[in-house]
Amino acid sequence: MNQPQQYPAKMANTGVLAAATGNGAQWRLEPEQRDLDANVIHLAAGSEIGEHVGADLDVLLHVFAGAGTLHTEEGQILLEPGDIIYLPARSRRRFTAGEQGLSYFSVHQRKKTTGLMPTLHRS
26 MNQPQQYPAK MANTGVLAAA TGNGAQWRLE PEQRDLDANV IHLAAGSEIG EHVGADLDVL
86 LHVFAGAGTL HTEEGQILLE PGDIIYLPAR SRRRFTAGEQ GLSYFSVHQR KKTTGLMPTL
146 HRS
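Written as structure tokens, this is what we have:
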């Protein structure tokens, strides 16, 4: 049985993860006992995460590779490396990847229940 991680540790490197080629989560925070959820999402060129309403929690994103567009109720936000994006709880969103794909780090309070990820689409 694995013991829960109870000490600071290097968890991943976005420079390495930027080379991802598949769609979806490329990395997830794994310790069982935690209050935080985090993952790295990669969308291949032309792919998207379909429109959906976020969960009942705020989300912070850090774009670290590629580019794309975040479509919201208020309009579009162009995404590029270095951008930090705040998504309020229950906000409507859709992501589309640009020609080089899109990779971002997502962090939020741990969800109380597990839910399905929004559908990934390839154009």
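So the sequence shown is numbered by our numbering: it starts at 26 and just counts up by one. We put the beta carbon where it would ideally sit given N, CA and C, even for glycine.
Between Leu42 and Trp52, the CB-CB gap stays under 8 Å. Per DSSP, Thr94 is one residue of the beta strand (DSSP E) stretching across 84-97.
In the three-state scheme derived from DSSP, where H, G and I count as helix and E and B as strand, Thr39 is classed as helix. When only Cα atoms are considered, Asp108 and Gly91 end up about 11 Å apart. Around the beta-carbon of Thr121, 16 or more other beta-carbon atoms lie within 10 Å, marking it buried. With respect to the C-alpha of Ser128, the residue from Val65, Ala37, Ala80 having the closest C-alpha is Val65. Closest by C-alpha distance to Ser72, out of Asp81, Asn48, Leu85, Asp83, is Asn48. Per DSSP, reduced to three states, the secondary structure at Ala114 is coil, with no helix or strand assignment. Arg59 is the residue among Ala44, Arg59, Ala50 whose C-alpha sits nearest the C-alpha of Pro33. Counting every other CB atom within 10 Å of its CB across the protein chains shown gives Gly93 a total of 16 or more, marking it as buried. Counting of Cβ neighbours within 10 angstroms places Gly100 among the exposed residues, the total staying below 16. Separation of the CB atoms of Arg119 and Ile74 is rounded to 7 Å, and the pair is thereby assigned contact status at 8 Å.
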